[in-house]
Amino acid sequence: MRFKSMALAAGALVATGHAQALDDAVMDDFGDEIVVTGELSRYGATKSATPILETARSVSIETEDQFREKGALTLDDTLNYTAGVIGDTFGFSTRGDFPKIRGFDSAEYRDGQQVVFGYYNNTRSDVYMLEQVEVLKGPASVLYGKGTPGGIVNAISKLAGPDRDDELVFDIGTHDRYQIAGDLNAALGGNFYVRLVGLYRDSDTQVDFVEDDAIIVMPSITYQTGRTSLTAMVEIADRDSDTAHQFLPLTGTACVSENVSVTPASFCANATGEVIEASTYLGHPDFNRYDTNSTLVSVLGHHAFTDHFSLEGVFRYKKGEADYRQTWIDFLGAGVPRVDANGDGGLTWYRSDAGSEQYAIDVRGRLTFTTGPFEHEVFGGVAYQDVTTGNRIIYLSDPVSQSFGALNIYDPVYGAIPPALLDDGNFFDLGDTQTEDIGVYLNDQVSLGGFKINLGLRYDDTETESADGTTQKDDAVSFSAGLLYAFDFGLSPYVSYAESFEPVIGLDGFTMNPLKPQEGEQWEVGVKYQPPGTRTYITLAYFDIRQSNLPNPASLIGQPDSQQEGVGKVKGFEAEAQTTIGDLYLEGNFSILDTENPDGFPFHYIPETQSSAWVQYQPSAGPLAGFRIGAGLRYAGENESNAVASGGVVSVVTDGYVLGDLMVGYGTDSWDLTVNVRNITDEDYYGTCLARGDCFPGEKRTIVGRLAVRF
């Protein structure tokens, strides 16, 4: 632990007074929120106080009021109306959130620190704990270190501070969903504020036997004066569930659906025409679980020494555990049906006892000054993270003789659980993997009249010690630059460049040298438009991303230099628009992606086109004052999955879909009643189907009634 003592010492420094609360108040109505899109809290995704309108990057923000009005129940849901982001890539999910940004995986952050690590050993974030969700699109290594070139999702917690409202919220919905949540605030005097946010949920889901129960408590305390703000927060979360992802075989899904095409047809040889319903459970109700718990402690601080110099930072400790047990139909290889003509397939059993522990800190100084005609906002800092993940497993699979049982996908009868699964002595300990990262970064936002120039530089050093005792070290220098011109009439064209890197753990099979980090770069040109004095905000962006050092499917035997010559390419266009006309709020988003992986195929499960629109009417006066109604449409185009099998290429193409959402509400100063309907027409669709042999049904119609009592 090279830097643990340094991190703890710096954390103590932050904890003694250099913290800043999230004191950007959420506006009361959608029209005012458009103005908020030009502002970010200091713990926003850009780590900068520079307004979004003057930032030469694509940044999208969804406030709590916005995603609550649209009926979001998960973090994925909050992103369904964001251009370039796929929130429900794998359909309806209970294990976690898996958003894709510009075709790539994205890292999940909470208050500026990464919160998801390892492999299914994390507790899912709950949207009631959040006051804002931010998406920084494109490579972000100059700010956050290692990561993919797609971008990051940064969720902002509800923290203590002045002028917070109290509420109790009661939910009742489809699938026997019952939830009570509360947000209580108090001023203690002496510039101290406390807040308690929590919820209890008892809920089934659209999949038989799969629950979505949760208990979460998140207290926080803030000390705030004119120049100093310090917030300490603890979140304790316990979620009891199972996985909604049942890995439904293509035989009963894609092969019998007019919305999915499968090539070659032999993959569907055992299809009978019978359809597996989205509610079908192919696990074992007495065995399967996905229970997680976590404790998260954060200290966020800010202190302004003068009007021009301040110090701020975030310290994080997190510990999480997961009991993951799942059964599924055996995978037999691309192009091979997973069940016979009767619909019977052998079972794979998996049991995992996983955990993770994180120490992290990000401390930076901020200085504003002028040099001649140039105005500078410079911030620089040090980020350190130490993450340990561990896992022990029991894995039983015998696809040839099916000695661990079989299940019929059309009429499942759940048999005996193999005794070996229940004996803890059969665990195979995969050991602990410890990864330490330290990054030093510097960023300068320069203004010269209407010109806004941004330059960023960061050095990262990463060291990973695997369970077998081997250590891999990687380092990288990341650079970003942006140029924007802000016209007085609200138009701001820009161009930017950014880089990313992501270590790959392992050795080259020929040289036995560590694999090189995957590297990404993006060029982006765009324009932002917000006419002065209006509630209109429009952004357009074109981007070109290349990710290198990927596995090369055309590598030559005996030529090690060719092993990581694979390149992934994405070119795309995005448009986002928001405006308010009287009592009417309108929002529209559109994106198109042209992707290519090293095989020459499009990226798996990434639609080429996406669009969405939301319209909300909320009379401000007259007999209908207090009433509001909103409606939205979400469209995702077809997506494709390909795999090379012994008989050639297996290709599965999943058609696109259009979903409608509806909200009706009425409220006063003291209470609010809302009904949200997602997928109002109850469309049957698949988020994606994969060439490996399974499909992922989308979310069915979901209705939730909510009563909020405010005091």
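In terms of mature numbering (1 follows the signal peptide of the UniProt record, and there is no 0), the sequence shown is residues -21 to -1, 1 to 690.
We treat Cβ as the ideally placed atom computed from N, Cα and C, and that holds for glycine.
Boundaries of the alpha helix (DSSP H) harbouring D44: 43 to 48, taken from the DSSP string.
By the C-beta density criterion, I131 is buried, having at least 16 other C-beta atoms within 10 angstroms. Counting along the chain, L54 sits inside the alpha helix (DSSP H) bounded by residues 54 to 57.
Across the set V318, W502, S570, N133, the C-alpha of W502 shows the shortest separation from the C-alpha of F458.
Fully enclosed alpha helix (DSSP H) runs of no fewer than 4 residues are not present anywhere in the stretch 428 to 480.
With respect to E555, T515 sits apart: the two C-beta atoms are not nearer than 8 Å. Classified as exposed, Y374 has fewer than 16 neighbouring CB atoms from the shown chains inside 10 Å of its CB. With contacts defined as CB atoms closer than 8 Å, A339 and Q92 qualify as a contacting pair.
Non-local C-beta neighbours of S39 in its own chain, meaning closer than 6 Å and more than five positions away in sequence, comprise T61, V114, ordered along the chain.
Contact annotation: Q185 and A257 have beta-carbon atoms nearer than 8 Å. Within the same chain, and ignoring the five residues on either side of K507 in sequence, the residues whose Cβ sits closer than 6 Å to its Cβ are L32, S471, T518. With three or more CB-CB distances shorter than 8 Å, the stretch 219 to 233 counts as touching the stretch 255 to 273.
Annotation: the continuous beta strand (DSSP E) that includes S136 extends over 130 to 136. Non-local C-beta neighbours of D144 in its own chain, meaning closer than 8 Å and more than five positions away in sequence, comprise D162, N164, R689, ordered along the chain. Partner residues in the beta bridge of D162, as assigned by DSSP, are E146, V176. Per the DSSP secondary-structure output, G418 pairs in a beta bridge with A362, D439. For A615, the closest alpha carbon among the candidates V504, F171, D416, F569 is that of F569. Inclusion of D187 and Y157 in the CB contact set at 8 Å is not warranted, their separation being larger than that value. For L122, the uninterrupted alpha helix (DSSP H) segment begins and ends at 120 to 123.
Counting the other Cβ atoms within 10 Å of the Cβ of I585 gives 16 or more, which makes it buried.
If you look at C668, you'll find it in the beta strand (DSSP E) that goes 665 to 669.
Contact between S136 and L109 holds, with the beta-carbon distance rounding to 6 Å and staying under 8 Å. When DSSP reads this structure, P676 sits in a beta bridge with Y665. Restricting attention to Q451, G394, L427, the CA atom closest to the CA of G351 is found in L427. Between D411 and Y363, the gap from beta carbon to beta carbon reaches 8 Å or more. At the C-beta level, N433 and G359 stay beyond 8 Å of one another. With respect to V419, Y393 sits apart: the two C-beta atoms are not nearer than 8 Å. Counting C-beta atoms within 10 angstroms of its own C-beta, N100 has 16 or more neighbours from the protein chains shown and is therefore classed as buried. Around the CB of K116, 16 or more other CB atoms lie within 10 Å, so the residue is classed as buried. At the C-beta level, Y260 and Q225 come within 8 Å of one another. Counting along the chain, R74 sits inside no beta strand (DSSP E), nor does DSSP assign it H or E at all. Each residue's CA atom was taken as its position, placing F266 and K297 some 28 Å apart. The straight-line gap separating the alpha-carbon atoms of D67 and R657 is approximately 13 Å. Residue nearest to T647 within the set A520, G567, G627, P598 is P598 (criterion: CA-CA distance). The beta carbon of S479 sits closer than 6 Å to the beta carbons of P118, S120, G126, P128, G499 from its chain, once the five residues preceding and following it are set aside; these are given in chain order. Comparing alpha carbon positions, the residue from P511, E41, K679, V293 closest to F468 is P511.
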